[in-house]
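**Student:** For what it's worth, the numbering used here labels the leading residue of the sequence shown as 769, then goes sequentially. Here it is, the structure in full.
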Amino acid sequence: MWKHSNVLSKFQKSARRAAAAAQTKPELEELEVEEPRELHDLVPIPQPAREPTPEYRQTFSTLPPWLEKPVNVPSTKRAAFTELGINEKSAKHLADKGFAEAFAVQCALIPRLMYNVQHPQARPNDICVSAPTGSGKTLGYALPVVESLRSRQDVRRLRAVVVVPTRELVEQAASTFRKCMVGSSLKIGTSIGNQSFLDEQRDLIAKETIYNPKEYQRLMTKVRKRQQFEYDSEDDAQDETREAKAEQLLTDAVQTIPLHVVRYDSAVDVLVCTPGRLVEHLQNTLGFNLDHLQWLIIDEADRLLDQSFQDWVKHINNSLDKEVTDEVEAHFFPDFYRKTKRYVRKVILSATMTRDISQLSALNLRRPTMIVVRTEQGATDPDTVMTDGEVVEVNEKGEYELPGGLTELVLPVSDGSEKPLFLLELLKDIFSKPVTAKQGPAESDSDDSSSSSSESDSSDSASDSESDSDSLSSSSDSSMFASSTSEAHRLHHLLTSLLPSVVSPTPPFTLLTKAHTSLPSALTSNPSQPRIIISTDRASRGLDLPLTHVVNYTIPRSLESYVHRVGRTARAGREGKAWSLVRDVEARWFWNDVARTEKVRRPRKAERKRVSIGKMWKEGSGKEEYRRVLEEMSRLVEG
């Protein structure tokens, strides 16, 4: 009975628990049903909108301060030479030679170079100059150099070296120095690659016999050892170059009188040379050294630094780094004299001065100053600031500067198949009639207006070109640039056959032209007759010729080459015109990278001109003559 009641009690408890659980269990309807999830592909997580990043503007320069902020000189600046520190006698002599006043680059350069002439104890700093072609850079450095050497005319030493890239520039720079040296006993020498090296050695080195028994005995001992094929350890260590000098020294010692030796001194005070020839004399000319050098001038520096020329910079630096002995101290105190380091003044010049610091650093410049000749527009640009009363350029565009009197004209020649005919018509327009000289800037329309008017009526373009020539001298002289030596000779043959009255009989001026060929003499042989000098880019640098026109028969390959070509005209404040014959395939590059580029400061925009080929060359007698000349050139080419 007890067992039955126990089972019943458990059942009742279980029933009560089940009833209680049923009361607390939520209804199925009240349960929250989870909604099915929406499936998505793998996509980026949404991000909030980002604020625009401000435009980056560099607030610092990678250039050294002297390159970043050059001294900017307005191209219109003029001054009397006496105001620049030149004495009245020299100024009067310059006036007699036609140099009435100093140009902008001379106003900036001469006082800085003359300061150390007037204060010899001050240690000089080096100067770099960037100025347009024809601005007077050569006289700007030649005059202070000559004035500084006048005080030491009693002792002849090589105290100034001028390095230029071509032999034509050697003669031109030497001519300027000779004008400045009139009235003094200073002597200038030249050295170029196509002259006899032995003749140059005789011209540059003066030999003098002096009494010196001790040195004579030493040299004779060396001579006897050589005759017996015995060599000192010092001789064994010499290289081939030093061996040649030692052999020359012993040869001169044998030929001189007993107890005397030969002393080698410089026969010139100033040397104008090409870099390769300078290296040859440093290596092979006995007595030629730079121990007394005070001035090192490097003209057309951009071209010289771009080419090695037998590592000329390295050889010059090695010569200038040597310590020298004061001659007076060595004579009176032979046991106590000391060697000192020299300070050679370096002047670096170019119309397109490089801003490559790696190239300029190779010159070991000392506290350099950059002088830049700018137009009035450049002097008032927003990118310039005033510092200590001077306008200083702070942009880094590396702009080129064209002469203020230059007018640029672009002549489209279609596909170029008739380019010689366009050239013939252009030359006829340029030299069509005598005209009178005109002063002041030439009138010029903008490129846009000129192009639209020329396209609307191309038949009037010939008369436009003719009227443009009215502002130029009747003795018009022109330089025509070709792309190669062969093209220059073909043009010369074509023009001498069809337009003999305006083409110079001088052969084309190319790399094959002999040094004695004088371009200035060719132009001045008959001043009343216009002349055209045909050349390659050899004549595009530094040559100072009285040209009124420059014709780019083939457009240059670079902007820098274009600047140097057109800089042959409109020099020294005169006016001039530069014509470029452009084919259709060249037009886009030429207009974008040359004629309209912001890298060039030009006095006026380049104009587009059109010239119509006359009927004479297409239907008249000129057609047969033109065809005959082409056939002649074809036979010459084929041999």
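Ideal placement from N, C-alpha and C gives every residue a C-beta, glycine not left out.
Terminal residues of the continuous alpha helix (DSSP H) containing residue 880?
**Tutor:** Residues 872–886.
**Student:** With a threshold of 8 Å, are at least 3 pairs of Cβ atoms found where one atom belongs to the region 1013–1025 and the other to the region 951–961?
**Tutor:** Verdict: no, contact absent.
**Student:** Are the beta-carbon atoms belonging to residue 1065 and residue 931 less than 9 Å from one another?
**Tutor:** Contact: yes.
**Student:** Just to confirm the assignment: which complete alpha helix (DSSP H) runs, minimum length 4, are found wholly within the region 988–1055?
**Tutor:** DSSP runs (the alpha helix (DSSP H)) wholly in the region 988–1055: 1001–1004, 1008–1023 and 1043–1052.
**Student:** When we look at the beta-carbon of residue 1204 and count the other beta-carbons within 10 Å, is it buried (16 or more) or exposed?
**Tutor:** Low local confidence applies: a pLDDT of 35 at residue 1204 is under 50, so the model's placement there is unreliable, and no value is given.
**Student:** If you compare alpha carbons, which of 1299, 1309, 1113 and 1315 is closest to residue 899?
**Tutor:** Out of 1299, 1309, 1113 and 1315, 1309 has the C-alpha closest to the C-alpha of residue 899.
**Student:** Whether or not the region 1348–1367 and the region 902–917 are in contact is what I'm after, with contact meaning three or more pairs of Cβ atoms, one per stretch, closer than 8 Å; do they touch?
**Tutor:** Touching, no, given that fewer than three Cβ pairs across the two stretches are closer than 8 Å.
**Student:** In whole angstroms, what is the alpha-carbon distance linking residue 1313 and residue 994?
**Tutor:** If I take the Cα positions, the gap works out to 55 Å.
**Student:** On the premise that residue 873 lies in contact with residue 1040, defined as a C-beta separation below 8 Å, what is that separation, rounded to the nearest angstrom?
**Tutor:** So it is not a contact: roughly 19 Å between Cβ atoms.
**Student:** Count the C-beta pairs between the region 1047–1064 and the region 959–974 that are closer than 8 Å, then say yes if the count reaches three, no if not.
**Tutor:** Output reads yes: the region 959–974 touches the region 1047–1064.
**Student:** Residues in its own chain within less than 7 Å of residue 1131 by CB, not counting five upstream and five downstream?
**Tutor:** Only 1081, 1114 and 1116 meet the Cβ criterion.
**Student:** Is it buried or exposed, residue 1367, if we count other Cβ atoms within 10 angstroms and call 16 or more buried?
**Tutor:** Exposed.
**Student:** Starting from residue 1315, trace the alpha helix (DSSP H) in both directions and tell me its first and last residue.
**Tutor:** Taken as a continuous stretch (DSSP letters only), residue 1315 belongs to no alpha helix (DSSP H), as it is neither H nor E.
**Student:** Please look up how many angstroms separate the CB atoms of residue 1327 and residue 1361, rounded, as I've assumed it's under 8 Å.
**Tutor:** Indeed they touch by this definition, with Cβ atoms about 6 Å apart.
**Student:** Taking the alpha carbon of residue 1325 as the point to measure from, which residue in 1249, 1268 and 1370 has its own alpha carbon closest?
**Tutor:** Considering only alpha carbons, the answer is 1249.
**Student:** Could you check how far apart the C-beta atoms of residue 1036 and residue 956 are, in whole angstroms? I think they sit under 8 Å.
**Tutor:** Confirmed, about 6 Å.
**Student:** Flag this pair as touching only if the region 1117–1130 and the region 889–905 have three or more C-beta atom pairs under 8 Å; answer yes or no.
**Tutor:** Touching, per the Cβ criterion.
**Student:** Would you mind sorting residue 1377 into buried or exposed? The rule is 16 or more other CB atoms within 10 Å of its CB.
**Tutor:** It counts as buried.
**Student:** Looking at residue 1319: is its Cβ nearer than 9 Å to the Cβ of residue 1299?
**Tutor:** It is not a contact, given that the beta carbons lie outside the stated cut-off.
**Student:** Do residue 929 and residue 960 have their C-beta atoms closer together than 9 Å?
**Tutor:** Not a contact, by the Cβ cut-off of 9 Å.
**Student:** Helix, strand or coil, according to DSSP, for residue 1384 in the structure here?
**Tutor:** Note: residue 1384 maps to helix in three-state DSSP.
**Student:** Where does residue 1218 land, buried or exposed, given buried means 16+ other C-beta within 10 angstroms?
**Tutor:** Because the pLDDT at residue 1218 is just 34, under 50, the model does not fix this residue reliably, and the value given afterwards should be weighed accordingly. Burial call: buried.
**Student:** In three-state terms, what does DSSP make of residue 1361?
**Tutor:** Note: residue 1361 maps to helix in three-state DSSP.
**Student:** Measure how close the beta-carbons of residue 1171 and residue 1339 come, nearest whole angstrom, since I'm counting them as under 8 Å.
**Tutor:** Yes, residue 1171 and residue 1339 are in contact; Cβ-Cβ is about 7 Å, under 8 Å.
**Student:** What is the DSSP secondary structure of residue 1119, counted as helix, strand or coil?
**Tutor:** Residue state, collapsed to three classes: coil.
**Student:** Could you have a look at residue 1169 and say whether DSSP puts it in helix, strand or coil?
**Tutor:** Looking at residue 1169 - three-state DSSP - the assignment turns out to be strand.
**Student:** Once DSSP output is grouped into helix, strand and coil, what is the label at residue 942?
**Tutor:** Reduced to three states, the DSSP call for residue 942 is helix.
**Student:** Is residue 1233 helix, strand or coil by DSSP?
**Tutor:** Low per-residue confidence applies at residue 1233: pLDDT is 38, beneath 50, and the placement is therefore not dependable, though the value from the model is reported in the following sentence. It is helical.
**Student:** What span of residues does the beta strand (DSSP E) with residue 1305 cover, start to end?
**Tutor:** That residue, residue 1305, is in no beta strand (DSSP E); it is neither H nor E in DSSP.
**Student:** Relative to the C-alpha of residue 1134, which residue among 1085, 1092 and 1168 is closest?
**Tutor:** Out of 1085, 1092 and 1168, 1085 has the C-alpha closest to the C-alpha of residue 1134.
**Student:** Give the DSSP-derived three-state secondary structure of residue 869 in the structure shown.
**Tutor:** In this structure, residue 869 counts as coil in the three-state DSSP scheme.
**Student:** Throw me the rounded Cβ distance for the residue 927 and residue 1060 pair, which I believe falls under 8 Å.
**Tutor:** Between residue 1060 and residue 927 the Cβ distance is about 6 Å, and since that is below 8 Å, they are a contact.
**Student:** Rounded to the nearest angstrom, what separates residue 948 and residue 919 at their Cα positions?
**Tutor:** Looking at the two C-alpha atoms, the distance is approximately 14 Å.
**Student:** Which residues does DSSP list as the beta-bridge partners of residue 1199?
**Tutor:** The partner list for residue 1199 (beta bridge, DSSP) is empty, contrary to what the question assumes.
**Student:** By the three-class DSSP mapping on this structure, what secondary structure does residue 901 have?
**Tutor:** The answer is coil: DSSP assigns residue 901 none of H, G, I, E or B.
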